[in-house]
Structure formats: C-alpha cells, structure tokens
Amino acid sequence: MLKSTDSAIGAALAQAREEAWSTPLARLDVSKADRFARNLHWPFFDRLRAEAPVHYCAESEFGAYWSVSSYETIVAVDTNHRQFSSAEGIFIGDRDESFRSESFISSDAPIHAKWRKPVMPGVGPKRLQDLEAVIRGRVCDILDGLPVGEEFDWVEHVSIELTTQMLATLFDFPFEDRRKLTFWSDVVTSTPQVGNNSLDPEERKKILMECVGCFTGLWRDRQAREPGFDFISLMAHDPATADMAENPMTLLGNLMLLIVGGNDTTRNSISGGVMALNDFPEQYDRLSADPAVIPNMVSEIIRWQTPLAYMRRTALEDVEVGGRTIRQGDKVVMWYVSGNRDDAFFDDPYEFDIARAKARSHLSFGFGVHRCMGNRVAEMQLRILWEEIQKRFKRVEVTGEAERVMSNFVLGFSKLPVTLRV
Ligand code: HEM
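What follows is the structure in structure tokens.
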C-alpha cells in the first residue's frame with residue numbers, strides 16, 4: 001500500500017479515500033493541484049479506474065474535460081494521433097492566447113516531425129555515448145562535495161544541480177549561467193494552466209522575453225560557427241528550422257520545450273528515487289546487495305514517480321473510447337499517474353519493486369509519435385547517479401519533511417532533507 005515518511009499522511013489519506021468514494025461520480029474532479037501537492041490524489045484515480053476509466057468532468061477550474069485513467073485507455077488515446085490532436089496544447093488549462101508560443105510537443109503532423117527531427121541527434125545513441133564520461137564526472141564531483149552525516153536538501157544540492165548541468169551540456173549553454181535554465185523552466189511551469197498561480201502573468205511574460213533575447217544571441221553565435229551536436233546548433237543549421245529565430249514565440253516554445261522537458265522530469269526522478277527507497281527500506285537492502293539491478297530500478301523509479309502526471313489531447317472528431325463517445329473539440333486528459341498504478345496491467349502496482357518484471361512498460365514517457373525524446377538520456381543520468389551513490393554511501397536517508405510541488409502536471413519535490421550514511 002501507500003507509504004510515506006510524511007507523518008500526517010495516514011489520517012489525511014483516509015479522509016481523501018472517504019471523499020473519493022463518496023463523491024457522486026459525475027462530480028469527481030481529479031485535477032486539483034493541491035491534492036497532488038499533498039500526495040492525496042491516489043484514491044480518486046483508484047475510483048476512476050474501477051468505475052469510469054473514461055470519465056467526463058463537466059465542471060472544474062479548467063472547464064470541462066475527459067479523463068482516461070486505465071493503462072489500456074491511455075495507450076489507446078496516446079497512440080491515436082489522427083483523432084486526438086496536440087495542437088490545442090498539452091496542459092489541462094487552455095492556452096493564454098495573448099502570449100501563445102509554438103513548439104513541436106503542441107503540434108500535429110507535419111509541423112511536429114519537421115521541428116522534432118532536427119534535434120533528435122542531440123540525444124541520439126552516438127551523442128549519449130560521448131556524453132557518458134562527462135555526466136559520470138559531474139555526478140562524481142557533486143557526490144564527493146556532499147556533507148556526510150549532516151542534513152541537507154537533496155533537491156537543491158543534487159537533483160537540481162545535476163539536471164541543470166546535464167541541460168547546460170545538451171544546449172552547450174554557458175556553464176556558469178546554467179541556473180538561468182532552471183529559473184526559466186520554473187517560470188514556464190508556474191502557470192494557472194496547471195493549477196499554479198504563484199507568478200504574476202506580466203512578470204512571467206517579461207522574464208520569458210528576456211529568455212528569448214538570450215537564446216537569440218546564442219542562436220546567431222551558433223549559426224556563425226561549424227555545426228555541433230547541441231540542441232541550438234542542430235536547429236540553427238538544419239534547413240527545416242534555420243529560420244526559427246525570425247519568430248520569437250516559435251523559438252521560445254521549442255527551446256523551452258527542450259529545457260522544461262528535461263528539467264522537472266529528471267529532477268523529480270532523482271528525488272523520487274530517494275523517497276521511494278526510503279519508503280521501501282527492504283528494496284534499499286536489495287539494491288545494496290545487488291547493484292546490477294540498477295537499470296531495472298531506474299525504470300521502476302520512473303514508473304513510481306511519474307514525473308509528469310498527464311498529457312492532454314483534443315478530439316478532432318467524435319471518437320468512441322471504452323464505450324463512451326468523446327465529442328469533437330472535447331479536451332481529453334491521459335493520466336499517466338493513474339495508468340502506472342493500474343492493477344489490470346501491473347501486479348501490486350502500489351509496491352515499489354526494483355526488480356519488477358514489467359517496469360520498462362511504464363507510461364511515464366508516453367506512447368506514440370510524441371513519446372519522450374529524452375528518455376535515454378534521462379535513464380542514463382539516473383543509472384550513473386545510482387551506480388556512483390552505491391560506490392560511496394550505505395544510505396541516502398530521508399531525515400526531514402519533504403515538500404511537494406504545487407501542480408497537477410509536474411509531480412515532484414521542492415524540498416527533500418536527507419542525511420548521508422557511510
Ligand atoms: C515528451 C516525460 C525526460 C524532452 C515527453 C512526454 C512525456 C515525457 C510524458 C510526452 C509524451 C506523449 O505525449 O506521448 C519525460 C520523463 C522524463 C523526461 C518522465 C524523465 C524521467 C526528458 C529529457 C528531455 C526530454 C531529459 C530532453 C533533454 C522531451 C521532448 C518531448 C518530450 C522534447 C516532446 C516530444 C514530442 O512531442 O515529439 N516527455 N521526459 N524529456 N520530452 Fe520528455
């Protein structure tokens with residue numbers, strides 16, 4: 001069952017369970033960001049999978065939307081890009097038309113492939129092979145600089161730092177300015193579209209326009225140089241994307257996709273793994289006894305954490321899914337977080353099992369034409385991290401209260417106090 005070091009969770013979860021199973025089904029709204037921030041969303045999805053895996057919510061702060069919540073229905077929608085479009089956006093909240101950027105994750109054919117293809121070599125097998133030694137060196141430097149036997153925030157000192165360094169490498173971004181990438185990514189995801197109202201919209205626009213200015217400068221610089229394998233150079237030199245800098249909102253959208261795509265996700269898998277191993281200490285013992293399990297454990301961590309709770313699609317025509325008719329123009333939310341706990345697909349889905357046979361079949365990277373482009377680099381980052389942790393520390397022990405992110409989209413931690421044991 002659910003476990004957590006959060007001491008208040010037992011009673012709160014019981015209350016959430018009561019609410020989830022007593023609310024009339026038609027009024028069940030699983031999109032509330034504060035529920036995710038308190039880690040209390042699980043029973044609401046248990047109910048949907050059991051009683052209405054294709055469910056219509058007529059009223060929410062994001063308007064009406066359909067939820068698909070079982071493994072089977074999520075795969076059905078995600079692999080059907082002919083009838084389910086990404087062009088209206090991937091967040092449950094509608095786009096801010098006064099500040100609309102374009103990117104390949106929020107596009108359909110032919111634009112999607114036209115913009116995705118040029119950047120693929122930036123995370124392709126050859127590039128990853130070249131990057132492995134660099135990433136390992138950075139992981140070692142970060143781990144060797146951590147205090148032993150003294151509490152510190154794992155999110156700040158490891159998850160964010162490591163992810164930011166990886167992103168700076170993939171962009172060949174000035175290394176000393178790398179925290180700007182994290183800052184811009186946090187600004188992009190602080191949006192009412194995912195239930196986070198923490199930033200003033202005008203301030204948000206101002207910051208993002210500064211970001212475009214910075215990237216336009218880097219773009220011009222890369223265009224003047226020999227082509228390289230960083231994302232900016234790949235786009236600046238490919239005939240399909242070479243004119244992108246002429247349209248600042250297209251440049252912003254595509255570059256931010258590459259930053260945000262890799263940022264919160266990898267960061268929260270790094271934190272989520274530590275949390276999961278602490279919630280399941282017998283699995284931590286198993287890891288210590290057999291480090292060869294790490295590649296499979298990485299997949300299980302990504303299933304367990306589900307760093308992005310969902311992707312949204314919009315129906316291009318009337319479509320039947322799981323016996324319900326979704327109407328043209330309706331919003332459909334594919335709740336990966338729910339599909340990853342579907343017991344019709346995964347045995348004992350609420351168990352964190354580092355040797356799980358079907359761990360790689362998790363939904364966290366999506367399916368179909370939009371399947372995560374960075375999945376291999378994320379897995380490599382996590383594998384190297386856990387290999388190096390195992391060489392140095394007996395335990396990364398959670399010793400304080402974790403804080404979770406306020407969002408229905410990004411599932412993760414803003415704080416995770418830990419103490420290293422050797
Ligand atoms: C797309 C998850 C790491 C770049 C996606 C999608 C998901 C996802 C759910 C959408 C799939 C769909 O709609 O079917 C994750 C998770 C990660 C991760 C869980 C880490 C554990 C990364 C990294 C990068 C990246 C490291 C890049 C450096 C992208 C891009 C897309 C994408 C560019 C858009 C693909 C498209 O629309 O064709 N990711 N991601 N992701 N991801 Fe990731």
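Read left to right, the sequence shown gives residues 1 to 422 (UniProt numbering). Just so it is clear, CB atoms sit at the ideal spot from N, CA and C, and this is done for glycine as well.
Coarse secondary structure for residue i, derived from DSSP in three states
i       : result
Pro-192 : helix
Met-373 : coil
Asp-153 : strand
Ser-85  : strand
Arg-404 : strand
His-112 : helix
Val-148 : coil
Thr-399 : coil
Lys-206 : helix
Lys-331 : strand
His-237 : helix
Trp-418 : For the sequence presented, residue 418 should be read as Val rather than Trp. Strand, per DSSP.
Tyr-71  : helix
Arg-225 : coil
Thr-182 : helix
Ile-90  : coil
Ile-354 : coil
Val-410 : strand
Arg-17  : helix
Arg-100 : coil
Arg-341 : coil
Thr-5   : Because the pLDDT of Thr-5 is 46, which lies under 50, any placement of that residue in the model is unreliable, and the question is left without a value.
Cut-off 7 Å between Cβ atoms - residues of its own chain near residue i, not counting five sequence neighbours on either side
i           : result
Gly-122     : Leu-170, Phe-229, Asp-230, Phe-231 and Leu-234
Lys-358     : Phe-346
residue 424 : A query on residue 424 cannot be resolved here, the shown segment of the chain reaching from 1 to 422 and no further.
Glu-403     : Phe-413, Ser-414 and Lys-415
Gly-368     : Asp-78, Thr-79 and His-81
Met-120     : Met-373
Arg-127     : Pro-121 and Phe-229
Own chain, CB closer than 6 Å to residue i, minus 5 neighbours either side, in chain order
i       : result
Val-319 : Gln-83 and Ile-326
Arg-222 : Ile-232, Ser-233 and Ala-236
Trp-386 : Ile-294
Minimum C-alpha distance to residue i - residue among the options
i           : options                               : result
Tyr-56      : Phe-45, Val-68, Arg-47 and Asp-46     : Val-68
Leu-416     : Gly-93, Leu-316, Leu-257 and Ser-269  : Ser-269
Glu-351     : Ala-276, Val-333 and Met-380          : Ala-276
Ala-14      : Phe-44, Phe-99, Asp-172 and Ile-92    : Phe-44
Ala-33      : Leu-308, His-362 and Arg-392          : Leu-308
Gln-193     : Glu-51, Arg-312, Glu-387 and His-362  : Arg-312
Ala-289     : Ile-354, Leu-199, Asp-238 and Asn-340 : Ile-354
Phe-183     : Arg-27, Asn-263, Leu-128 and Ala-236  : Asn-263
Leu-382     : Glu-150, Ile-301 and Arg-421          : Ile-301
Asp-141     : Asp-153, Val-158, Leu-128 and Gly-149 : Val-158
Glu-246     : Phe-215, Glu-132, Ala-52 and Gln-283  : Phe-215
Val-134     : Ala-168, Lys-117, Ile-105 and Ser-107 : Ala-168
Glu-72      : Cys-372, Arg-49, Gly-63 and Glu-210   : Arg-49
residue 423 : Asn-340, Phe-365 and Leu-131          : Here the chain has residues from 1 to 422 only, and residue 423 is not among them.
Asp-172     : Gly-63, Ile-9, Pro-291 and Leu-258    : Leu-258
Alpha carbon of residue i to alpha carbon of residue j, nearest angstrom
i       : j       : result
Ser-407 : Leu-162 : 22 Å
Val-321 : Asp-78  : 12 Å
Asp-285 : Lys-394 : 9 Å
Ile-92  : Met-334 : 10 Å
Arg-35  : Thr-306 : 16 Å
Val-75  : Val-30  : 19 Å
Asp-200 : Phe-175 : 29 Å
Leu-420 : Val-396 : 5 Å
Thr-399 : Val-188 : 31 Å
Lys-180 : Gly-374 : 20 Å
Ala-20  : Glu-282 : 30 Å
Ala-37  : Val-405 : 5 Å
Val-298 : Glu-379 : 7 Å
Gln-129 : His-112 : 27 Å
Asp-243 : Trp-115 : 11 Å
Asp-153 : Ser-271 : 10 Å
Asp-348 : Glu-88  : 36 Å
Thr-241 : Pro-118 : 8 Å
Asp-238 : Pro-227 : 9 Å
The beta strand (DSSP E) enclosing residue i, as first and last residue numbers
i       : result
Lys-415 : 413 to 415
Val-274 : Looking at the DSSP string, Val-274 is not in any beta strand (DSSP E); the run it does join, the alpha helix (DSSP H), is 248 to 279.
Val-54  : 54 to 57
Arg-95  : Neither: Arg-95 is in no beta strand (DSSP E) and is coded neither H nor E.
Run of the alpha helix (DSSP H) containing residue i, from where it starts to where it stops
i       : result
Thr-314 : Thr-314 -> not in any alpha helix (DSSP H); beta strand (DSSP E) instead, spanning 310 to 315.
Glu-320 : Unbroken run through Glu-320 is the beta strand (DSSP E), 319 to 321; no alpha helix (DSSP H).
Thr-164 : 161 to 171
Ser-67  : Looking at the DSSP string, Ser-67 is not in any alpha helix (DSSP H); the run it does join, the beta strand (DSSP E), is 65 to 68.
Arg-303 : 294 to 305
Arg-35  : 33 to 37
Arg-47  : 42 to 51
Min CB distance residue i to chain B below 8 Å
i       : result
Asp-177 : Considering every chain present, this structure includes no chain B. It has just one protein chain.
Chain-order list of residues whose beta-carbon lies under 8 Å from that of residue i (same chain, five-residue window excluded)
i       : result
Tyr-310 : Ile-92, Val-333, Met-334, Trp-335, Tyr-336, Val-337, Asn-408 and Phe-409
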